[in-house]
Every structure is written in C-alpha cells, then in structure tokens.
Amino acid sequence: MKGAKILILSSMVFTIILVTGLLIRYYLEKTTSRLLTDIKKAEDFIKNDNWIEAQNAIVRLNKDWDNLKSKWAIFINHHEIDDITVYFKTSEEFIMCRDKAEALASLASLSHYISHIPIMEKLSLENIL
Amino acid sequence: MVVFIRTIILYAFVVIVMRVMGKRQIGELQPFELVIAIMLSELAAVPMQDTGIPLLHGIIPILTLMLLEIVISFLTLKFHFLRKIFCGTPSMVIRHGRLIEDELRRQRFNLNDLMEELRFNGYLNISDIEFAILENGGKLSIIPKSNKAPLTREDMNIVKPEEELPITLIMDGKVNKHNLNVIKKDLEWLNSILRDNNISNVDEVFLAMIDSNGKIFIQRRS
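Keeping their order, the protein sequence lines are chains Z and F.
Take 1 as the starting number for the first sequence in the UniProt record's numbering and just add one per residue.
Take 1 as the starting number for the second sequence in the UniProt record's numbering and just add one per residue.
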C-alpha cells in the first residue's frame, strides 16, 4: 500500500515536471513570436526610412523586454538574457542615431538570438544529442 | 550574496532529496544508487557557483534523479529480475576453502585485494574460510570454517537473557516522560531515585539511563 502511494506520488511529480516543461515551451514560443513580430515591424519602418515610428517601436520593444527578462531568467541561462539585452540596447542606439545599416544588422542579430531560445528548449533529437 | 542564498537553497534541497531517498543512500550503496549520489553532488555544485544558470536547471535534474531512484528502488523490491539487472547478484569467490578463479576473473578482483580484505577481517589463510562472497555493495562477506569461527555462548552452553535497549530518562536536564511511561514509572519514582543520589533538581542531571536489569546510570552536569 505504502509502495503504491510512493509510485503514485512519483508519477504525479513526473507529470508536473513534464507539464511544466510543456507550459514553459508554450510561454517561450508565445513571447518570442510577439517580440519577433515587433522587431520585424521596426525593421520595416527602418527600410522605409520611417525613423520616428522605428524609434517608437524599439522603445516599446525595450520596455516589453524589461518586463519579460525577469520571467525568462527563471528558465533560461542568464548569459543568453544578457546577450539579448545588449543587442536591444545597441539596436536602440543605432535607431536613435538613424544609422540604417547598423540598425538593421543589430536587429537581425537580435532576431537570431531571440528565435534560437525556444529552439533550444524544443524537445528534439538535436537538442538531446 | 546571490551565491550565498543559492547555496542555502540547493543545500536544503539536496538534504531533503537525500532524506526522501532513504537511509541506504548514505550507507551501503547499490550500483544505481552510487551513480545517482555522484551525479547529485555535481548537479547541485554547478548552479551553486554559476549564477548564470537558472536555479531550476539544478533543481529539475536533482528532482528527476530522486524520482528515478524511488521508482527503481520500488521496482527492484517487487521484481526479482529487475533487482538482478540494477543491483547485480552476489558472487562467491571462495568455496570450501578454495578460490574460484573464474569468478575472481569475472569480477576483476585481484588476489592482492582479496588477501587485503581477508586480513582486514582477521583471516590470514584462505583454507580457514568456508565461503567468501563479494556483495553487490562491493564488500566481502566471510564465513569461516566451523573450527575457525569465534566461540559463542551457545558453544559453551551459557544461557543469558536477551539484552534490552537502555532507556534514557533524563537528557540535558529534561525528563523524557514518554520513556517513563514505557517503563511504567512516574515522576515521583524518578525524584526519589535522584534524592537517593543526592540530587535535588532534575536540571543538575546531564544524563540518566536505566538498563534492562533496572540498573540506573546518572551523570551530573560538570
């Protein structure tokens, strides 16, 4: 009877770990997709030389990121978060200085850093191996 | 400061995990338990010092290992074939005073190690040993030949009643009322014993015990 109780408890904790893992993945995919959409918008504004809108977009993105990073820190390596923060700050500066080439390059790096986070957490053979 | 707090959290977590895993985890280890114990220490140490790693990355693997240990222990308890796979089987290396070479070779147990174990257990001659069994935990159990076995009371036909555990009555100036109830005595009785020993107050006693023969041991505080 006691053994069965231990097994049931263990399976419950296993299930909680698995469900939490799935929820984290869902949350990461949702938030990264939101960030990537906003970065894409900022890129489009820069390509169209609409600097005012691009500046507003990057300021909004920075605020959004400031809110998100403390939550991401619970399950993402903090060095990754620091890298993303650095690219957010440099992108903002390049956009404020209206440096088209550098701003686009910086946003591309930012997109890459953000998009690889949910890929890293994905349950795939590549990640397991 | 962060490292300090993370260390406290991980230490507390590992202590809880070790307690849940049970007493065997800190005593004799089966092979699968040894693997888990080695991994646990590493898993806790890395996020302790590297603040870049989320605490969850340390806690989830430790929790998973604990669950695996519980499940494997439970399964090995219920199913003999799984016990064989996870724990292995004991190997007899000496039978009727003769070495079993094949078994020694299979266990990669060299003669020097075997002789060392035998000497450690107080046996100098292999011929004195009836059986020697290499246990799953890596220890060698030795059963000597009957004429080399230590003399027992039974051999001498001496009858002695079974020993009972001594019971603590006072520890560090505090009376253990539960133990008093166990021996069906009360505080009045205890106080009279203390008076007989020229002790006026329980606070003066560091340790008081009663053994199975009713003999009382009292040590005052220094």
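All C-beta atoms, glycine included, are put in the ideal place defined by N, C-alpha and C.
- Message: Applying the 10 Å Cβ sphere with the 16-neighbour rule, what's the burial state of Leu22 of chain Z?
- Response: exposed
- For Phe32 of chain F, which residues from the same chain have a beta carbon less than 8 angstroms from its beta carbon, with the 5 sequence-adjacent residues on both sides left out? Glu69, Ile72, Phe86 and Cys87
- Message: Pull the bridge partners of Arg220 of chain F from the DSSP assignment, please.
- Response: F:Val205
- Counting only beta-carbon atoms, is Asn77 of chain Z nearer than 9 angstroms to chain F? For Asn77 of chain Z, the answer is yes, since a Cβ of chain F falls inside 9 angstroms of its Cβ.
- Distance, Thr76 of chain F Cα to Val20 of chain F Cα: Cα-Cα distance, rounded: 17 angstroms.
- Message: Can you find the residues in the same chain that come closer than 6 angstroms, C-beta to C-beta, to Asp83 of chain Z, ignoring five residues on each side of it along the sequence?
- Response: Tyr113
- Message: Whole angstroms are fine: how far does the CA of Ile143 of chain F sit from the CA of His178 of chain F?
- Response: 42 angstroms
- Query: Along chain F, which residues have their Cβ under 9 angstroms away from the Cβ of Val19 of chain Z?
  - Reply: The contacting residues do not exist; Val19 of chain Z stays about 13 angstroms from chain F at best.
- Inside the region 132-170 of chain F only - beta strand (DSSP E) runs reaching at least 3 residues: 140-144
- Item | Spatial distance of Val205 of chain F from Asn110 of chain F (CA atoms) | 55 angstroms
- Message: Helix, strand or coil for Ile74 of chain Z? Go by DSSP, reduced to three states.
- Response: Under the three-state reduction of DSSP output, Ile74 of chain Z falls in the coil class, being neither helix nor strand.
- Query: Looking at the unbroken alpha helix (DSSP H) that takes in Met120 of chain Z, where does it start and where does it end?
  - Reply: Lys100 to Glu121
- Query: Taking Cβ positions, are Thr168 of chain F and Leu207 of chain F nearer each other than 9 angstroms?
  - Reply: yes
- Message: Any contact between the region 124-136 of chain F and the region 93-107 of chain F? By contact I mean 3 or more CB pairs, one from each, below 8 angstroms.
- Response: yes
- With DSSP collapsed to three states, give me the class of Arg108 of chain F. coil
- Task: Rounded to whole angstroms, what's the CA-CA distance from Met209 of chain F to Ser192 of chain F? Just pull it up for me.
- Result: 15 angstroms
- Task: Step through the CB atoms of chain Z and report whether any lies within less than 9 angstroms of the CB of Val46 of chain F.
- Result: It does not: the Cβ of Val46 of chain F has no partner Cβ on chain Z nearer than 9 angstroms.
- Taking Cβ positions only, does Val13 of chain Z come closer than 9 angstroms to chain F? yes
- At what residues does the beta strand (DSSP E) containing Ile94 of chain F begin and finish? Ser91 to Arg95
- Task: Give me the Cβ distance between Leu10 of chain F and Ile36 of chain F, rounded to the nearest whole Å; I'm assuming they're in contact under 8 angstroms.
- Result: Actually they are not in contact, since the Cβ atoms of Leu10 of chain F and Ile36 of chain F sit about 16 angstroms apart, beyond 8 angstroms.
- Item | For Lys174 of chain F: DSSP bridge partner residues | DSSP lists F:Met171 as partners of Lys174 of chain F.
- Query: With a cut-off of 9 angstroms, does the C-beta of Ser109 of chain Z fall near any C-beta of chain F?
  - Reply: Output row for Ser109 of chain Z: interface = no.
- Message: Check whether the region 67-85 of chain Z and the region 50-57 of chain Z touch, using three or more Cβ-Cβ pairs below 8 angstroms as the test.
- Response: no
- Taking the C-alpha atoms as reference points, what is the distance between Gly173 of chain F and Ser212 of chain F? 22 angstroms
- Of all the options F:Ile38, F:Leu104, F:Glu101 and F:Val182, which has the alpha carbon lying nearest to the alpha carbon of Glu164 of chain F? F:Val182
- Task: Could you please give me the residues that DSSP links to Arg19 of chain F through a beta bridge?
- Result: None; Arg19 of chain F has no bridge partner.
- Query: Does the Cβ of Gln219 of chain F have 16 or more other Cβ atoms within 10 Å, making it buried, or fewer, making it exposed?
  - Reply: exposed
- Query: Is the number of C-beta pairs between the region 99-113 of chain F and the region 45-53 of chain F that are closer than 8 angstroms three or more?
  - Reply: no
- Task: Give the residues from the region 69-80 of chain F that approach chain Z closer than 8 angstroms (Cβ to any Cβ), ordered along the chain.
- Result: Ile70, Val71, Phe74, Leu77 and Lys78
- Task: Compute the Euclidean distance between the alpha carbons of Thr20 of chain Z and Phe120 of chain F, then round it to the nearest angstrom.
- Result: 52 angstroms
- Message: According to DSSP, is Ile8 of chain Z part of a helix, a strand, or is it coil?
- Response: helix
- Does the separation of the CB atoms of Glu93 of chain Z and Val59 of chain Z fall below 9 angstroms? no
- Message: Any beta carbon from chain F within less than 9 angstroms of Leu7 of chain Z's own beta carbon?
- Response: yes
- Message: Distance check for Gly122 of chain F and Leu67 of chain F, CA to CA, integer angstroms please.
- Response: 41 angstroms
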